[in-house]
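Below you'll find the structure, written out as structure tokens, and then a few comments.
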Amino acid sequence: MELLKLLNSYFNFFRFFGICIQTPDSSNRTKILSYCSSIFGLLYSSILLFSLYVFDKPITGAGIVNYLQGICFFLTHITVMIETLATRKQQLQFWNFLKKIEYLYGDEVEEVKLKYITCKRIVARKFWILLGFTVAVETTLFAILITNRSRGNEDMSDWETWVAYILSVLVGRIRHLSHLVFLEILKVHLEIFNNSLMELKGKFNCLNANSLIEELNSIKFRHTYIWELCQSINSCFQLSQLLNFFSYYLHLTSISYFVYLRIVYGKFDMILTTIILLFPVFSHIFAITKTSDDVQMEAQKSTHLLQNLMQNNKDSLNKFLKNCIIDLSLQMHHERISITIGKLFVLNLALITAIFGTIATYFVIYIQFF
Numbered sequence: 102m103e104l105l106k107l108l109n110s111y112f113n114f115f116r117f118f119g120i121c122i123q124t125p126d127s128s129n130r131t132k133i134l135s136y137c138s139s140i141f142g143l144l145y146s147s148i149l150l151f152s153l154y155v156f157d158k159p160i161t162g163a164g165i166v167n168y169l170q171g172i173c174f175f176l177t178h179i180t181v182m183i184e185t186l187a188t189r190k191q192q193l194q195f196w197n198f199l200k201k202i203e204y205l206y207g208d209e210v211e212e213v214k215l216k217y218i219t220c221k222r223i224v225a226r227k228f229w230i231l232l233g234f235t236v237a238v239e240t241t242l243f244a245i246l247i248t249n250r251s252r253g254n255e256d257m258s259d260w261e262t263w264v265a266y267i268l269s270v271l272v273g274r275i276r277h278l279s280h281l282v283f284l285e286i287l288k289v290h291l292e293i294f295n296n297s298l299m300e301l302k303g304k305f306n307c308l309n310a311n312s313l314i315e316e317l318n319s320i321k322f323r324h325t326y327i328w329e330l331c332q333s334i335n336s337c338f339q340l341s342q343l344l345n346f347f348s349y350y351l352h353l354t355s356i357s358y359f360v361y362l363r364i365v366y367g368k369f370d371m372i373l374t375t376i377i378l379l380f381p382v383f384s385h386i387f388a389i390t391k392t393s394d395d396v397q398m399e400a401q402k403s404t405h406l407l408q409n410l411m412q413n414n415k416d417s418l419n420k421f422l423k424n425c426i427i428d429l430s431l432q433m434h435h436e437r438i439s440i441t442i443g444k445l446f447v448l449n450l451a452l453i454t455a456i457f458g459t460i461a462t463y464f465v466i467y468i469q470f471f
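For the sequence shown, the positions run 102 to 471 when the numbering used here is used.
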């Protein structure tokens, strides 16, 4: 598949960090890289989680905050490793359904190739922006922690803790990037699907009944396969993304807590450097929720386009064709394209409101107890 070749470098990057992306016809070298990285990540995070639980006994407010963050980071790391290893079947099903969709395109092959190239450009732009944010801010944080050590000021954390946590933090953020890539693939095929509906609307009166039935059947199967793509994505990003978002909630709340400490103790010169830590976390949350929201908005267009098709041609439709379009509308209603995490939350921009509500609640609790 053309898309695999275009995105293979990103998939190998994910595999290097233990995110075992399964694709058809993977080479033995790729499989060895995937499994070895995942097993290493699983052992690394499990050992550090056990060590943190047994040996770390925090007594200060900042220490408790860092302790909770560490547990969340390591649990997320472990879950990502296990989930990517355990969802091999679902990942391969994704590529199988993608192949079936491509088989149904026919004359639209050139449009598909152009869309794939555009998809790669969008993925590359988001990938490097988000990764750049993470590297820049984490490097800045490391420098701040070393500076604080030399000044005898370690109220937020120490550089040893940063070194222990950083790999698990990166894996959580890279898991978001891998999720984003698959959402962009789904979005591409929804856009092509909607373009097909608009083209059918334009040439509807030029086609005979048999040709219209063939077009509607093709659209019917394509929507089913697109829905299956969505289901495969949801099944491959369930528990890991749920824990990932929970870690992000806690991380954002913790940063807010440290900003509060700076204000209380009059360390106003350190407030800006603490607030900077919000950027990579919030940028990842916004990118993944915005992309997911765009996917679901694109899916909603399909139903409206089909309804417009029927409304504009209701006088020229015979009973059988009208029933075909009604059946297709009902199918789209039941095969709703919805991006979820943990089968609990719909991933869209409304979720950001819930994030801020959660942060406000935790922040009030922190202030009361610490």
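Ideal Cβ positions, reconstructed from N, Cα and C, are used throughout, including at glycine.
Quantities reported herein were computed from a predicted structural model and do not represent experimental measurements.
The secondary-structure analysis by DSSP pairs Val447 across a beta bridge with Thr441. With a cut-off of 8 angstroms on Cβ pairs, the segment 324 to 336 is in contact with the segment 179 to 192, counting three or more such pairs. Contact between Leu149 and Ile183 does not hold, since the beta-carbon distance rounds to 16 angstroms and is not under 8 angstroms. Judged by their CB atoms, Leu343 and Gly443 are nearer to each other than the 8 angstroms cut-off. It is roughly 33 angstroms from the alpha-carbon of Gly164 to the alpha-carbon of Val447. No residue range can be given for Asp157, since it is assigned to no alpha helix (DSSP H) and is classified by DSSP as neither H nor E. Using a 10 angstroms sphere on the CB of Ala451, the tally of other CB atoms stays under 16, which defines it as exposed. Here Thr404 has Ser430, Met433, His434 as same chain residues with Cβ atoms under 8 angstroms from its own Cβ, once five neighbours each way along the sequence are excluded. Between Ile120 and Ile275, the CB-CB gap stays under 8 angstroms.
Taken through DSSP and simplified to helix, strand or coil, Asn295 comes out as helix. Within the segment 279 to 342, no run of beta strand (DSSP E) at least 3 residues long lies entirely inside it. Distance from the CA of Glu292 to the CA of Met299, rounded to the nearest whole angstrom, comes to 11 angstroms. In chain order, Glu103 place their CB closer than 7 angstroms to the CB of Lys214, counting only its own chain and leaving out the 5 sequence neighbours on each side.
DSSP places Leu407 within a helical segment (H, G or I) once states are collapsed to three. Cβ-Cβ distances below 7 angstroms link His352 to Gln170, Val382 in the same chain, with the five nearest sequence neighbours on each side left out; the list follows chain order.
DSSP places Leu107 within a helical segment (H, G or I) once states are collapsed to three.
Excluding residues up to 5 positions away in sequence, His290, Arg323, Tyr326, Ile327 lie with their Cβ nearer than 7 angstroms to the Cβ of Ile202 in the same chain. Excluding the 5 residues flanking it on each side, Leu105 has same chain C-beta neighbours closer than 7 angstroms at Thr124, in chain order. Closest option to Glu315, judged by alpha-carbon separation, among Leu205, Ala265, Ala237, Glu285: Leu205.
Its Cα nearest to that of Tyr217, the residue Leu199 stands out among Leu199, Ile230, Thr462, Leu231.
In this chain, the alpha helix (DSSP H) harbouring Lys200 covers 189 to 204.
A direct Cα-to-Cα measurement between Pro159 and Ser355 gives close to 15 angstroms. Following the DSSP letters along the chain, one finds Ile427 inside the alpha helix (DSSP H) bounded by residues 420 to 435. Annotation for Thr375: the continuous alpha helix (DSSP H) segment containing it runs 372 to 376. A direct Cα-Cα distance of roughly 12 angstroms separates Ser127 from Trp196. Closest by C-alpha distance to Phe283, out of Ile389, Tyr350, Cys173, is Ile389. The criterion of a C-beta distance shorter than 8 angstroms is not satisfied by Thr177 and Asn414.
A distance of 8 angstroms or more separates the beta carbons of Ile223 and Glu261. Taken through DSSP and simplified to helix, strand or coil, Lys368 comes out as coil.
The beta carbons of Thr462 and Leu340 sit no closer together than 8 angstroms.
Around the beta carbon of Leu445, fewer than 16 other beta carbons lie within 10 angstroms, which makes this residue exposed.
In the three-state reduction of the DSSP assignment, Asp126 falls in the coil class. As the crow flies, the alpha-carbon of Asp394 is around 5 angstroms from that of Asn449. The criterion of a C-beta distance shorter than 8 angstroms is not satisfied by Ile426 and Leu406. DSSP, read as helix, strand or coil, puts Ile223 in helix. Counting only residues of its own chain and dropping the five nearest sequence neighbours on each side, Ser138 has a CB closer than 7 angstroms to the CB of Arg116, Phe117, Phe118, Gly119.
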